[in-house]
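Numbering follows numbering that gives the first Met the number 0, in which position 74 of the sequence shown is assigned residue number 73; successive positions increment by one, without gaps. For every residue, glycine included, the Cβ atom is placed at its ideal position computed from N, Cα and C.
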Amino acid sequence: MQNAAINAITLAFRDEWPRLVATLVRELRDLEMAEDVVQEAFVEASTRWRKDGVPDRPGGWLLTTARRKAIDRIRRNKRFDDRLPALAEAAKVEPQPEMLIDDQMALLFGCCHPALGIDAQVALTLRSVGGLSTAQIAHAFFVPEPTMAKRLVRAKSKIRAAGIPFTIPPRDRLADRLEAVCGVIYAVFTEGHVSSHGRTLLRGDLCDEAVWLAETLAELTPDDPEVRGLAALCLLTDSRRNARVDGNGQPVLLADQDRQRWDRDKIDRGLAHLISAPARPSRNSNDRNGPYRQQAMIAAVHSSAATFAATDWAAIVSIYDQMISAGGNPVVELNRAAAIAERDGAAAGLDLLEELDARGDLDHYLYLHSAKAELHRRLGNRRAAASAYENALVVCDNDAERTWLLGRLATVST
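Structure (structure tokens):
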């Protein structure tokens, strides 16, 4: 029974955390209290479910328990007395699917309110909507965990003091809020696609949540090409999930993936998003395609290739050229160099990576070092490949990737 309870709690946390927090935020109008009582409900579940068994409706049990704990808190804290009648009334009504969607979108827009700084918006949403721990968020921001904890507390305090509403903005104001919301969704997807630390390479629960959020946002703003691009990017990238790891949980390079295992439904949905809205100038650029749409176009090229060898690398390099012309960043330059290595040969790509490495912008970026290692390996430079793999290991915090890197290092060290 204990193992069944642990598995049920893990599954419930993955599926129910954002829904529970969103519902309680609407009812309590206080994000910190909503998170606290939901967390307390999970703590109680860890004890009660082991003893009494897993309830038939875990989500309903957790919501009822969280509401009860909220009522206890309110009774102890007189300044929340006005919320007690509404909470008691809400407990009589089971939330409907449409209400749950609205609640989660309202939670997302509240966390991304312009009164908060962009870092606070992303961090708060990763915590409240994505359910990431403070340690995971701190890693994503390259700051110590206590620093991130303080940032989250300050953000919640600002929400409370400023009376920031957790509501979906009117349609005429949606555009002003979309950039931050898209950034948050993509941050959640990125953490799921390549987990910043831990034992597994990916977290499908976060990928699922990001895909759901992106497609829901696309439903709210169907004519925005960047939102559509974000939905396409998440779907097309996530379509490869089942082929990205082997039976031992180790990463599988794109060139070695079994494309029969790619999710055709996600590819079709992603392509539909990509072509459903015409390209037009993005909100903050004169370029006709924003970064999410451009990245989705690259993912579409991969999805359309029957084999790795058949990939249109010239088209991919062209898109990266457009991204760099529009502003770009060192990671885009890294990806372009990798594409050039496929189009023009490993030596051409390695020359660009060496130039990028010399600038020092990506000293702590795992994939610069691993990309260099792979190209040195292809060129037969075993000693240089080994050095690059060792550099990658220094900055690697994911156990699955670390094991993979050690295996690659062994092949050039013997």
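For residue i, three-class secondary structure by DSSP
{"i": "proline 224", "result": "helix"}
{"i": "proline 250", "result": "strand"}
{"i": "valine 193", "result": "coil"}
{"i": "alanine 174", "result": "helix"}
{"i": "glycine 182", "result": "helix"}
{"i": "serine 284", "result": "Caution applies to serine 284, whose pLDDT of 44 falls short of 50 and renders its modelled position unreliable; the model cannot decide the point."}
{"i": "valine 53", "result": "coil"}
{"i": "phenylalanine 422", "result": "Missing from the structure shown is residue 422; the chain here goes from 0 to 413 and no further."}
{"i": "leucine 352", "result": "helix"}
{"i": "isoleucine 163", "result": "coil"}
{"i": "tyrosine 364", "result": "coil"}
{"i": "histidine 112", "result": "coil"}
{"i": "aspartate 320", "result": "helix"}
{"i": "serine 132", "result": "coil"}
{"i": "asparagine 380", "result": "coil"}
{"i": "arginine 239", "result": "coil"}
{"i": "valine 300", "result": "helix"}
{"i": "tryptophan 403", "result": "helix"}
Proximity to residue i [Cα-Cα], best of the options
{"i": "aspartate 14", "options": "Asn288, Gln103 and Ala137", "result": "Gln103"}
{"i": "asparagine 247", "options": "Ala370, Leu405, Thr199 and Ile70", "result": "Thr199"}
{"i": "tyrosine 388", "options": "Ala409, Asp396 and Asn397", "result": "Ala409"}
{"i": "alanine 304", "options": "Asp320, Arg258 and Ala271", "result": "Arg258"}
{"i": "tyrosine 366", "options": "Arg74, Val128, Ala347 and Glu400", "result": "Glu400"}
{"i": "tryptophan 60", "options": "Ile8, Phe108 and Cys110", "result": "Ile8"}
{"i": "cysteine 71", "options": "Ala44, His272, Asp35 and Leu99", "result": "It is worth fixing the name first, because residue 71 is aspartate in this sequence and not cysteine. If we check each option's Cα against that of aspartate 71, Asp35 comes out closest."}
{"i": "threonine 413", "options": "Glu144, Trp16 and Arg376", "result": "Arg376"}
{"i": "leucine 219", "options": "Ala383, Pro164, Ile100 and Ala384", "result": "Ile100"}
{"i": "glycine 379", "options": "Ala346, Ala213, Val42 and Ala21", "result": "Ala346"}
{"i": "serine 127", "options": "Ala114, Asp245, Val210 and Leu30", "result": "Leu30"}
{"i": "aspartate 396", "options": "Ser45, Val316, Gly327 and Ala134", "result": "Ala134"}
{"i": "valine 226", "options": "Ser275, Ile167 and Val37", "result": "Ser275"}
{"i": "arginine 342", "options": "Gly327, Arg358, Ala314 and Ala3", "result": "Ala314"}
{"i": "valine 152", "options": "Cys233, Leu115, Gly326 and Arg381", "result": "Leu115"}
{"i": "alanine 295", "options": "Ala231, Ala44, Asn328 and Ala325", "result": "Ala231"}
{"i": "valine 180", "options": "Ala299, Phe41 and Leu212", "result": "Leu212"}
{"i": "proline 329", "options": "Thr310, Leu361 and Ser194", "result": "Leu361"}
{"i": "aspartate 171", "options": "Ser194, Asp264, Asp223 and Tyr185", "result": "Asp223"}
{"i": "tryptophan 48", "options": "Arg75, Gly326, Thr63 and Asn2", "result": "Asn2"}
{"i": "cysteine 111", "options": "Ala325, Ala209, Asp175 and Ser194", "result": "Asp175"}
{"i": "alanine 383", "options": "Val37, Glu353, Glu208 and Ala309", "result": "Glu353"}
Same chain only: Cβ atoms within 7 Å of residue i, ignoring 5 sequence neighbours per side
{"i": "leucine 351", "result": "Ala336 and Ile339"}
{"i": "proline 290", "result": "Met322"}
{"i": "cysteine 206", "result": "Phe188, Gly191, His192, Asp237 and Arg240"}
{"i": "glutamine 249", "result": "Ala399, Thr402 and Trp403"}
{"i": "valine 331", "result": "Tyr319, Met322 and Ile323"}
Neighbourhood of residue i by C-beta, 6 Å cutoff - its chain only, sequence neighbours within 5 removed
{"i": "aspartate 262", "result": "Ser238"}
{"i": "glutamate 39", "result": "Lys68"}
{"i": "tryptophan 16", "result": "Gly130"}
{"i": "leucine 256", "result": "Reading off the sequence, residue 256 comes out as glutamine, not leucine. Answer for glutamine 256: Ala242, listed in chain order."}
C-beta atoms of residue i and residue j nearer than 9 Å
{"i": "valine 183", "j": "leucine 235", "result": "no"}
{"i": "leucine 229", "j": "alanine 242", "result": "no"}
{"i": "leucine 349", "j": "leucine 333", "result": "no"}
{"i": "glycine 203", "j": "isoleucine 158", "result": "no"}
{"i": "valine 24", "j": "alanine 33", "result": "yes"}
{"i": "phenylalanine 307", "j": "leucine 253", "result": "yes"}
{"i": "leucine 123", "j": "lysine 155", "result": "yes"}
{"i": "valine 65", "j": "alanine 4", "result": "Residue identity differs from the one stated: residue 65 is alanine in this sequence, not valine. No, the Cβ-Cβ distance between alanine 65 and alanine 4 is not below 9 Å."}
{"i": "isoleucine 167", "j": "alanine 119", "result": "no"}
{"i": "glycine 58", "j": "leucine 19", "result": "yes"}
Neighbour flag for residue i against chain B, beta carbons, 9 Å
{"i": "leucine 351", "result": "In the structure shown, chain B does not exist; there is a single protein chain."}
Identity of the residues DSSP links to residue i by a beta bridge
{"i": "valine 244", "result": "Pro250"}
Chain-order list of residues whose beta-carbon lies under 8 Å from that of residue i (same chain, five-residue window excluded)
{"i": "glycine 406", "result": "Gln249"}
{"i": "arginine 358", "result": "Pro329"}
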